[in-house]
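Here the structure comes first, spelled out in structure tokens, and everything after it is commentary.
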Amino acid sequence: MKNLKRSEKSKGIVAFANNTAEVNYKKIAQQTLSVASHVLKLPYTVISSDDSAFENTRYDIDTEQFTQWRNNDRYRAYELSPYDETLVIDADYLVLDRNLLSIFDQPWDYLLQRHSHSLVQPMPADMGPNSLPYVWATVFAFRKTPRARLFFELVGRVQNNYGYYQALFNMQERNYRNDYAFAVADTILNGYAIGTNSIPGIMLNVDQVIESITVNQHQVIVKDANKAYVAPRTNLHLMGKAYLQSSKFQQLVEQLVNEPT
42 MKNLKRSEKS
52 KGIVAFANNT
62 AEVNYKKIAQ
72 QTLSVASHVL
82 KLPYTVISSD
92 DSAFENTRYD
102 IDTEQFTQWR
112 NNDRYRAYEL
122 SPYDETLVID
132 ADYLVLDRNL
142 LSIFDQPWDY
152 LLQRHSHSLV
162 QPMPADMGPN
172 SLPYVWATVF
182 AFRKTPRARL
192 FFELVGRVQN
202 NYGYYQALFN
212 MQERNYRNDY
222 AFAVADTILN
232 GYAIGTNSIP
242 GIMLNVDQVI
252 ESITVNQHQV
262 IVKDANKAYV
272 APRTNLHLMG
282 KAYLQSSKFQ
292 QLVEQLVNEP
302 T
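In this text, residue positions in the sequence shown follow the working numbering: the first is 42, and each later residue adds one.
Structure, rendered in structure tokens:
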């Protein structure tokens, strides 16, 4: 684990980043968290565990192949976060507005991202036929309370016994995913009822190969090989890793961290 910035403040941002043969997640996390810290005025920490033996695969939209994926420590967020109130974001989550700050004014133990949409295709509503509603582990928040601790202990239990829970809840994805483990743990903790504790708003997934992204004060323009998509300035889940490792993204990060706030 490497703390890049640690503060005496009780609120902060955390990302988990483990490099693979194809993707420098640590560098990406440094860039996206520097933007998030600038926008939200919160300290940040990047947590890495490259000695981890747990590996999985993910579908790479740039190559249209399955590639190495190493993100098994999310269930340890409670243990590893240096903050009393923590916002956790994926390395590929770009914070462009201050709306997430409003969550700290509300009473909760943890909050999950339950709603999403995409520029090009519908997002899944459920994790399989007759399964649980979809939950995203891309962005979530927690306070260091007994209930939040129990939630992450349950996530770890699901991860270690994923085959059992995958069958129990009829989840179509056989590969382990944090999204699925979060949904199961939340359901169990709520007495096998669907939870409602949600990050406000709808997460925008950019799930196509990206040519460029332009951000101004009011809008985001995402270009792929065929179209340009214009949306109000909002946080983005950038699922294509090639763009995140490009000089174009580096230039965008430099622009964003130098914006007046």
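Note that the Cβ used here is the ideal one computed from N, Cα and C, for glycine as well. From a predicted model like this one, the values you see are computed outputs, not experimental measurements.
Would you list the one or two residues that DSSP bridges to residue i?
i	result
Y270	V263
D101	Q106
Y221	According to DSSP, Y221 bridges with nothing at all.
S288	Its beta-bridge partners do not exist; DSSP assigns none.
L209	In DSSP, L209 forms no bridge with anything.
N246	S159, H278
Y151	F183
What is the DSSP secondary structure of residue i, reduced to helix, strand or coil?
i	result
K82	coil
A283	helix
S184	Note that residue 184 is Arg in the sequence shown, not Ser. Correct three-state label for R184: strand.
T13	There is no way to answer for residue 13, as the model of the chain reaches only from 42 to 302.
A56	strand
L173	coil
L141	helix
Using the Cα positions of residue i and residue j, report the straight-line distance between them to the nearest angstrom.
i	j	result
T17	H79	Since the first residue shown for the chain is 42 and the last is 302, residue 17 is missing from the structure and cannot be characterised.
A272	G232	38 angstroms
K264	Y85	29 angstroms
P301	G53	21 angstroms
V225	L285	30 angstroms
D167	M244	16 angstroms
R188	L277	29 angstroms
T275	Q260	8 angstroms
N201	Y119	17 angstroms
Quick check on this structure: which residue in the options has the alpha carbon closest to the alpha carbon of residue i?
i	options	result
I240	Q291, L141, Q213	L141
A56	N202, R198, K67	K67
S89	N257, N171, R111	R111
P123	T275, K185, Y203, D146	K185
I251	N257, P163, I262	I262
A62	Q109, A283, Q72, P174	Q109
**OP:** Report yes or no: do the segment 215-234 and the segment 136-146 share at least 3 C-beta pairs separated by less than 8 angstroms?
**Re:** The segment 215-234 vs the segment 136-146: no contact.
Subject >> Given 8 angstroms, three or more beta-carbon pairs between the segment 151-159 and the segment 181-189 >> reply: Three or more beta-carbon pairs separated by less than 8 angstroms link the segment 151-159 to the segment 181-189, which places the two stretches in contact.
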